[in-house]
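I have placed the structure first, in the form of structure tokens, so that the comments after it can refer back to it.
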Amino acid sequence: TLPAASGVSASAGRGLAATVEGRAVLIGNARALSEAGITPAPALIARAEALSAEAATPVHVALDGAHVAVMAMADPLRETSAAAIAELHALGIQTRLISGDVQAAADAVGARLGMDHVTGGVLPEGKLDAIRAMGEGSVFVGDGINDAPALAAAETGIAIGSGTDVAIEAAEVVLSSGDPASVPRAIRLSRAVMRNIRQNLFWAFAYNVALIPVAMGVLVPFGGPRLSPMLGAAAMALSSVFVVTNALRLRRFS
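Residue numbers (my numbering): 2 to 255.
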């Protein structure tokens with residue numbers, strides 16, 4: 002069995018510290034080592050850099066104030082991730098990876114995905130600052146607790162359905178599938194909805210502008226037709242049917 006840990010303290014974006022069997026243990030990133038005043042071991046730092054180049058996140062271990070080990074964690078990319086980024090580019094959208102991982106690991110992931118911009122080593126509050134700097138038109142996609150502030154601050158926050166409850170509550174859009182391909186699909190759907198709304202508004206106003214004056218007899222002095230109120234009511238009903246039918250086309254969206 003694993004020995005019990007006491008005095009556990011966690012620092013967001015850095016790591017955690019605890020006491021195990023009377024010895025001080027620190028597990029975290031290079032920033033955690035630096036802030037704890039621990040001198041990094043050159044050989045372990047070199048190994049961490051090599052792991053970062055392989056898109057893995059190095060995690061340092063210190064024991065009683067000495068840097069003793071480094072390990073790596075990696076989350077495999079979903080098969081549809083690169084295709085989703087390519088589709089976003091096809092939609093005219095610039096992509097930016099904002100990651101808490103070290104810059105080298107973030108760069109390696111960004112290169113595999115084809116991201117336009119990559120920023121690594123970002124603390125949770127740094128993601129919030131980055132979204133605020135982007136201003137209007139920003140869309141943030143995330144799934145973790147650390148993503149919640151940025152999801153809430155973005156003009157549109159998109160949470161992956163498999164993420165944490167905090168992230169889901171902070172977002173405006175929740176993708177239940179958890180598939181990255183759902184992100185460009187959601188954007189295409191939103192654009193199709195807005196296009197459909199504009200079309201329906203056009204046809205509704207076009208009917209009123211064209212037929213109401215005719216029903217009033219404006220064209221009669223010029224030898225034009227007069228539209229009876231009954232025909233006008235029927236035309237209004239037909240225009241409503243057209244608008245509803247046009248809206249129902251969205252059901253075939255894929």
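Beta carbons are placed, not taken as given, at the ideal position from N, Cα and C, and that holds for glycine.
Taking 8 Å as the cut-off, does the region 126 to 145 touch the region 77 to 88 (at least 3 CB pairs, one atom from each stretch)?
With a cut-off of 8 Å, the region 126 to 145 and the region 77 to 88 do not count as touching, because too few Cβ pairs lie within range.
Taking DSSP as the reference, what is the three-state secondary structure of residue 63?
In the structure shown, residue 63 falls within a strand segment according to DSSP collapsed to helix, strand and coil.
Taking DSSP as the reference, what is the three-state secondary structure of residue 199?
Residue 199 falls in the helix class under three-state DSSP.
Spatial neighbours of residue 179 within its chain, please: C-beta separation below 7 Å, excluding the five flanking residues on both sides.
These residues qualify, in order along the chain: 161, 162, 163.
For the region 2 to 18 against the region 119 to 133, do three or more pairs of beta-carbon atoms, one drawn from each stretch, fall closer than 8 Å, so that the two count as touching?
Yes, since at least three Cβ pairs between the region 2 to 18 and the region 119 to 133 fall closer than 8 Å, the two stretches touch.
Beta-carbon proximity of residue 1 to residue 251, cut-off 9 Å
Outside the shown range of the chain (2 to 255) lies residue 1, about which nothing can therefore be said.
For residue 68, which residues from the same chain have a beta carbon less than 7 Å from its beta carbon, with the 5 sequence-adjacent residues on both sides left out?
Same-chain partners within the cutoff: 34, 39, 40, 41, 42, 45, 61.
When DSSP labels each residue in this structure, what does residue 178 get in the three-state scheme?
Coil at residue 178, not helix or strand.
Could you spell out where the alpha helix (DSSP H) holding residue 242 opens and where it closes?
Its alpha helix (DSSP H) spans residues 230 to 249.
Does the Cβ of residue 99 have 16 or more other Cβ atoms within 10 Å, making it buried, or fewer, making it exposed?
When all chains shown are included, residue 99 counts as buried.
Alpha carbon of residue 118 to alpha carbon of residue 207, nearest angstrom:
The alpha-carbon atoms of residue 118 and residue 207 are separated by roughly 45 Å.
Option nearest residue 23 by Cα separation, candidates 30, 64, 59
Comparing Cα-Cα distances from residue 23 to each of 30, 64, 59, the minimum goes to 64.
Below 8 Å on the Cβ atoms is my guess for residue 56 versus residue 113; work out the distance and round it to an integer in Å.
The pair is a contact, with the Cβ atoms about 7 Å apart (cut-off 8 Å).
Among the candidates 52, 66, 47, 9, whose CA atom is the shortest distance from the CA of residue 36?
Among 52, 66, 47, 9, the Cα nearest to that of residue 36 belongs to 66.
Assuming residue 11 is part of the beta strand (DSSP E), what are its boundary residues?
Element bounds for residue 11: 6 to 12.
Spatial neighbours of residue 111 within its chain, please: C-beta separation below 7 Å, excluding the five flanking residues on both sides.
These residues qualify, in order along the chain: 98, 119.
Backbone CA spacing between residue 32 and residue 148 [nearest angstrom]:
For residue 32 and residue 148, the distance between alpha carbons rounds to 20 Å.
The alpha helix (DSSP H) spanning residue 92 covers which residue range?
Premise fails: residue 92 is in no alpha helix (DSSP H) and is neither H nor E.
Are there 16 or more other CB atoms within 10 angstroms of the CB of residue 96, so buried, or fewer, so exposed?
With 16 or more other CB atoms across the displayed protein chains lying within 10 angstroms of its CB, residue 96 is buried.
How is the beta strand (DSSP E) around residue 97 delimited, first residue to last?
Bounds of the beta strand (DSSP E) holding residue 97 are 97 to 99.
List the DSSP bridge partners of residue 143.
Checking the DSSP bridge columns, you'll see residue 143 partnered with 160.
I'd like to confirm the pairing. Which residues does DSSP put opposite residue 16 in its beta bridges?
When DSSP reads this structure, residue 16 sits in a beta bridge with 12, 29.
So the candidates are 6, 247, 105, 172; which of them puts its Cα closest to the Cα of residue 199?
Out of 6, 247, 105, 172, the CA that lies nearest to the CA of residue 199 is found in 247.
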